[in-house]
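As structure tokens, the structure follows; a few thoughts come after it.
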Amino acid sequence: DAGVIQSPRHEVTEMGQEVTLRCKPISGHNSLFWYRQTMMRGLELLIYFNNNVPIDDSGMPEDRFSAKMPNASFSTLKIQPSEPRDSAVYFCASSFRASRGGNTIYFGEGSWLTVV
Amino acid sequence: AQKVTQAQTEISVVEKEDVTLDCVYETRDTTYYLFWYKQPPSGELVFLIRRNSFDEQNEISGRYSWNFQKSTSSFNFTITASQVVDSAVYFCALSMKDSSASKIIFGSGTRLSIRP
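Here the protein sequences come in this chain order: A and B.
The numbering of the first sequence is the working numbering, which starts it at 1 and goes up by one.
The numbering of the second sequence is the working numbering, which starts it at 117 and goes up by one.
Written as structure tokens, this is what we have:
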């Protein structure tokens with residue numbers, strides 16, 4: 001089975017440009033997560049969706065960040081305008097949320113973003 | 117508040133030594149789940165194990181073993197006869213059940229280096 005698929009794997013962009021990261025979750029999974037990883041802050045949960053609905057976006061750093069999940073098989077994380085401090089690895093992850101909770105989440109390979 | 121503490125930032129051992137990675141968690145929930153993930157130098161996050169709060173039985177998988185002790189709120193990970201391929205950052209994580217979806221909180225990770 002295909003895992004979580006993210007694109008692009010690597011992106012270098014100039015400050016001020018719009019960046020769009022894409023994610024295809026594992027088929028059948030109903031929860032989707034966006035994480036950011038930096039040396040300074042480790043793994044941070046930015047936002048997560050359940051059944052395509054955003055549940056908690058308290059981790060989204062500021063209004064420059066937005067995330068959408070128009071259907072069960074696709075999500076985007078957009079940064080507009082981008083800044084050098086946004087440079088990080090952005091992971092998408094998905095899980096099947098059972099009623100008892102404790103679902104295991106599976107990560108994509110990450111999108112390595114560099115803003116210069 | 118929920119929190120995961122991995123006090124060991126970096127560990128370096130010689131190949132074939134046993135090594136234990138510590139994980140201490142905090143939660144007020146009676147139902148929770150604990151995880152370990154591995155992040156090798158290639159960057160992806162690989163799921164290793166999930167444990168629920170009602171199952172304190174230790175688990176062994178090949179050279180890997182996990183010791184879950186609710187009395188000390190710990191979920192430690194031991195690698196026996198370590199190999200160079202075990203070199204990675206290892207993350208302990210905690211998940212609680214909430215009303216809509218389960219999100220996972222990660223520790224800061226322990227960087228394990230296995231020297232030949």
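In this text, a Cβ means the ideal position worked out from N, Cα and C, and glycines have one as well.
Could you name the residues of the same chain whose beta carbon sits closer than 6 Å to that of residue i, not counting the 5 residues immediately before and after it, in chain order?
i: Pro-156/B; result: Ala-204
i: Ser-189/B; result: Val-140, Tyr-141
i: Thr-196/B; result: Asp-134, Arg-179
i: Glu-126/B; result: Arg-227
i: Ser-128/B; result: Ser-229
i: Val-12/A; result: Thr-114
i: Val-19/A; result: Thr-13, Ile-79, Ser-82
i: His-10/A; result: Trp-112
i: Asp-145/B; result: Met-212
Assuming contact is defined by CB atoms lying nearer than 8 Å, are residue i and residue j in contact in what I supplied?
i: Lys-136/B; j: Thr-226/B; result: For clarity, residue 136/B is Thr in the given sequence; the question names Lys instead. Not in contact: Thr-136/B and Thr-226/B (Cβ atoms no closer than 8 Å).
i: Gly-16/A; j: Tyr-106/A; result: no
i: Ser-111/A; j: Pro-25/A; result: no
i: Phe-91/A; j: His-29/A; result: no
i: Ile-230/B; j: Glu-131/B; result: yes
i: Asn-50/A; j: Ser-31/A; result: yes
i: Ile-165/B; j: Glu-175/B; result: yes
i: Thr-38/A; j: Phe-163/B; result: no
i: Glu-109/A; j: Gly-159/B; result: yes
In the DSSP assignment, find the unbroken beta strand (DSSP E) run with residue i in it and report its ends.
i: Cys-208/B; result: 204–212
i: Phe-222/B; result: 220–222
i: Glu-131/B; result: Unbroken run through Glu-131/B: none, as it is neither H nor E.
i: Arg-97/A; result: Counting along the chain, Arg-97/A falls outside any beta strand (DSSP E), and DSSP gives it neither H nor E.
i: Phe-49/A; result: 42–50
i: Met-11/A; result: As written in the sequence, residue 11/A is Glu, which differs from the Met given in the question. From DSSP, the beta strand (DSSP E) with Glu-11/A extends over 10–13.
i: Cys-139/B; result: Where Cys-139/B is concerned, there is no enclosing beta strand (DSSP E), given that its DSSP letter is neither H nor E.
i: Gln-6/A; result: 5–7
i: Phe-170/B; result: That residue, Phe-170/B, is in no beta strand (DSSP E); it is neither H nor E in DSSP.
i: Gly-230/B; result: Per the sequence presented here, residue 230/B reads as Ile, with Gly not at that position. Ile-230/B -> beta strand (DSSP E) spans 226–231.
i: Arg-179/B; result: Element bounds for Arg-179/B: n/a, residue is neither H nor E.
Spatial neighbours of residue i within its chain, please: CB distance less than 8 Å, with the 5 preceding and 5 following residues excluded, ordered by chain position.
i: Thr-147/B; result: Asn-168, Ser-169, Phe-170, Met-212, Lys-213
i: Cys-73/A; result: A small correction: the amino acid at residue 73/A is Ser; Cys does not occupy that position in the sequence shown. The answer, listed in chain order, is Lys-24, Pro-25, Ser-27.
i: Pro-54/A; result: Ile-47, Tyr-48, Ala-67, Met-69
i: Ile-5/A; result: Cys-23, Lys-24, Gly-108
Whose C-beta lies closer than 7 Å to the C-beta of residue i among residues of the same chain, with five residues either side of it excluded?
i: Phe-191/B; result: Cys-139, Tyr-141, Leu-150, Arg-167, Trp-182, Phe-184, Cys-208
i: Arg-64/A; result: Ile-79, Gln-80, Pro-81
i: Arg-36/A; result: Glu-44, Leu-46, Ala-88, Tyr-90
i: Val-200/B; result: Glu-131, Ile-230, Pro-232
i: Asn-52/A; result: Met-69, Asn-71, Ala-72
i: Val-120/B; result: Cys-139, Tyr-141, Cys-208, Ala-209, Leu-210, Ile-221, Phe-222, Gly-223
i: Gln-118/B; result: Glu-142, Thr-143, Leu-210, Met-212, Ile-221
Output, in chain order, the set of chain E residues within a Cβ distance shorter than 9 Å of residue i.
i: Phe-163/B; result: This model lacks chain E altogether; the protein chains it does include are A and B.
Open item on the list: List, from N- to C-terminal side, the beta strand (DSSP E) runs of 3 residues or more that fit wholly inside the stretch 57–84 of chain A.
Closed with: 65–71, 74–79
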